[in-house]
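This report concerns only the one structure given below.
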Amino acid sequence: MKKLAILGPGVVGGSCAEILLRDVSLLERSAGEQLELAYVLARRELPDRLYRDKVVTDFFVIERDANVFLVIETIGGCGAALNFVRRSLEAGKHVVTSNKQLVAEHGTQLLALAKAHGVSFLFEASVGGGIPVLHPLSQCLGANEILEVRGILNGTTNFILTQMLEFGQSYDAALKDAQSRGYAEQNPAADVDGIDAGRKICILADMMFGKNVDPARVSMTGISTITAEDAAFAESAGMKLKLLGRAIRQGEQIAVFVSPHFVAGAQPLAPVSGVLNAIEVLGNNIGNAMFFGPGAGGPATASAVLGDVVDIVRNPGRKQPVDWSAEPADLTDPDAFEASFFLRTKLDKAACEQALGEIRWLPDQNGFHGGFTGKTCRKAIAAAGLALDAVWPVLE
Ligand code: HSE
6 MKKLAILGPG VVGGSCAEIL LRDVSLLERS AGEQLELAYV LARRELPDRL
56 YRDKVVTDFF VIERDANVFL VIETIGGCGA ALNFVRRSLE AGKHVVTSNK
106 QLVAEHGTQL LALAKAHGVS FLFEASVGGG IPVLHPLSQC LGANEILEVR
156 GILNGTTNFI LTQMLEFGQS YDAALKDAQS RGYAEQNPAA DVDGIDAGRK
206 ICILADMMFG KNVDPARVSM TGISTITAED AAFAESAGMK LKLLGRAIRQ
256 GEQIAVFVSP HFVAGAQPLA PVSGVLNAIE VLGNNIGNAM FFGPGAGGPA
306 TASAVLGDVV DIVRNPGRKQ PVDWSAEPAD LTDPDAFEAS FFLRTKLDKA
356 ACEQALGEIR WLPDQNGFHG GFTGKTCRKA IAAAGLALDA VWPVLE
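Numbering (this note's numbering), first residue to last: 6 to 401.
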């Protein structure tokens with residue numbers, strides 16, 4: 006019998022608690038022994054919840070209970086969550102978290118702390134919600150030099166873009182819908198501004214390239230300036246509009262960024278819609294492999310959290326399967342990243358071509374011109390000094 010504690014019974018923590026209480030024999034079979042939910046740390050009593058008799062309001066109760074084997078952190082952010090995770094590891098308790106901000110910003114130190122105390126720190130649910138991706142990538146693709154990791158890493162924005170583009174829903178209505186389904190962060194600015202996807206591409210880059218990628222050094226652009234015209238241009242070109250996180254090997258350096266992209270219809274990421282996420286990996290031996298599934302939501306994310314719990318209960322003394330060094334990664338300027346770019350503008354077409362070279366124009370939309378440049382970079386486009394309304398890279 007292993008005693009567990011959950012910190013923070015929000016959308017994900019609440020689902021973990023419910024599954025632990027409901028699927029007792031299934032989890033016992035998976036873990037090889039019984040899992041007992043001993044505590045749920047909340048700010049106040051929760052008399053209407055299934056796990057009401059497990060609720061405690063003081064973390065010290067959990068910290069001092071030497072029989073608590075593992076702590077699940079689903080508080081979010083880097084305030085109390087960071088403090089409690091550190092203290093849990095120092096108290097010799099394994100920790101599983103779904104908190105991507107915590108892992109992206111403090112993962113290197115927390116991995117070292119876990120190692121120093123002979124326990125595991127796992128975070129499968131921090132990237133791609135319920136999709137099993139970190140373990141398969143770190144273990145099964147270990148015989149590859151990774152050339153690129155790219156993905157649709159935020160369920161809320163993919164849901165909003167899909168609702169807007171395919172069902173004509175307004176931005177505000179689609180965001181409300183995503184919030185009511187439990188997809189969005191407490192402050193959805195982290196979703197729509199590309200920060201949540203940014204944290205996840207940093208974790209993937211840390212892991213795939215083996216060095217520390219600090220989110221503060223990564224360019225993150227969200228979906229707030231995407232317009233209905235962009236969507237119409239994408240459709241007329243047989244493409245999709247997607248918010249992508251990308252980490253691309255360039256010799257000994259990596260380009261890491263988040264940006265809306267025009268994605269060619271034949272790309273595997275193009276049909277991934279709604280709350281689904283997908284992570285595509287390009288390796289020198291495997292070629293392309295893609296992992297996809299539900300990227301947000303309580304039960305789906307709890308599935309990944311509890312998968313880590315099962316893993317630790319089965320292999321408590323094992324070397325950390327998902328790890329990277331503390332050495333800072335050598336990052337390139339994302340504005341120097343070369344691709345074809347989509348432009349939206351009301352400027353004279355000939356003047357654009359004079360400044361940027363040949364452009365493949367699409368039929369106008371609502372008085373806007375839209376078209377694709379040849380291979381160039383944001384820096385070169387900016388240097389041309391044109392006041393363009395949108396510049397999005399193309400994944401061809
Ligand atoms: N807000 C996040 C998303 C939740 O929409 O993808 C999962 O990390």
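All residues carry an ideal CB built from backbone N, CA and C; glycine is no exception.
Compare the Cα-Cα distances from Pro137 to each of Glu257, Glu363, Asp316, Asn88 and report the closest residue.
Asp316
What's the call for Ser241, buried or exposed, on a 16-neighbour Cβ count within 10 Å?
exposed
Let me check you understand the geometry: is the CB of Asn159 closer than 7 Å to at least one non-hydrogen atom of the ligand HSE?
yes
DSSP state of Glu363, grouped into three classes?
coil
Runs of alpha helix (DSSP H) lying entirely within the region 286-343, each at least 4 residues, in chain order:
303-319
Sorted by chain position, which residues of the same chain lie with C-beta nearer than 6 Å to Phe74's C-beta, five sequence neighbours on each side aside?
Lys7, Lys8
Looking at Leu139: is its Cβ nearer than 8 Å to the Cβ of Ile259?
no
Look at Ile231 and Leu246 and say whether their C-beta atoms are less than 8 Å apart.
yes
Which word fits Leu348, buried or exposed, when buried means at least 16 other C-beta atoms lie within 10 angstroms of its C-beta?
buried
Within this structure, are the beta carbons of Leu1 and Leu12 separated by less than 8 Å?
Summary: the structure shown does not reach residue 1, with the chain confined to residues 6 through 401, and so no result is reported for it.
May I ask you to list the residues that DSSP assigns as paired with Gly375?
Arg349
Bridge partners of Val100, per DSSP?
Val76, Phe126
Of the residues Tyr44, Ala239, Pro52, the one placed nearest Met169, counting alpha carbons only:
Ala239
Flag Asp313 as yes when its Cβ comes closer than 7 Å to any non-hydrogen atom of the ligand HSE, and as no otherwise.
no
Rank Asp369, Ala387, Val314 by C-alpha distance to the C-alpha of Asp340 and give the top, closest one.
Ala387
Quick one: complete alpha helix (DSSP H) runs, 4+ long, within the region 163-246?
176-185, 194-197, 200-214, 233-241
Could you tell me if the beta carbon of Ala402 falls within a distance shorter than 7 Å of some heavy atom in the ligand HSE?
Examination of residue 402 is not possible in this model, given that the chain is present from 6 through 401 alone.
Per-residue burial, Phe267 [other beta carbons within 10 Å of its own, 16 or more giving buried]
buried
Quick one: what does DSSP say Arg254 is sitting in, helix, strand or coil?
strand
Evaluate Leu31 with the Cβ neighbour count: other Cβ atoms within 10 Å of its Cβ, from every protein chain shown; 16 or more gives buried, anything less gives exposed.
exposed
Please work out which residues of its chain come closer than 6 Å, Cβ to Cβ, to Val16, disregarding the five sequence neighbours upstream and downstream, and give them in chain order.
Gly187, Gly303
Contact between the region 269-279 and the region 116-128: three or more CB pairs below 8 Å?
no
Considering just the uninterrupted stretch of the alpha helix (DSSP H) at Gly15, what are its terminal residues?
Per DSSP, Gly15 belongs to no alpha helix (DSSP H) and is neither H nor E.
Those residues which DSSP pairs with Ser264 across a bridge:
Leu249
Does the beta-carbon of Gly375, which I'm using as the reference point, lie nearer than 7 Å to any heavy atom of the ligand HSE?
no
Quick one: Cα of Gly203 to Cα of Pro299, how far?
18 Å
On the three-state DSSP scale, how would you describe Thr381?
strand
Compare the beta carbon distance of Lys351 and Phe373 with 8 Å and say whether it is the shorter of the two.
yes
Quick check on the burial criterion: 16 or more other C-beta atoms within 10 angstroms. Buried or exposed for Ala22?
buried
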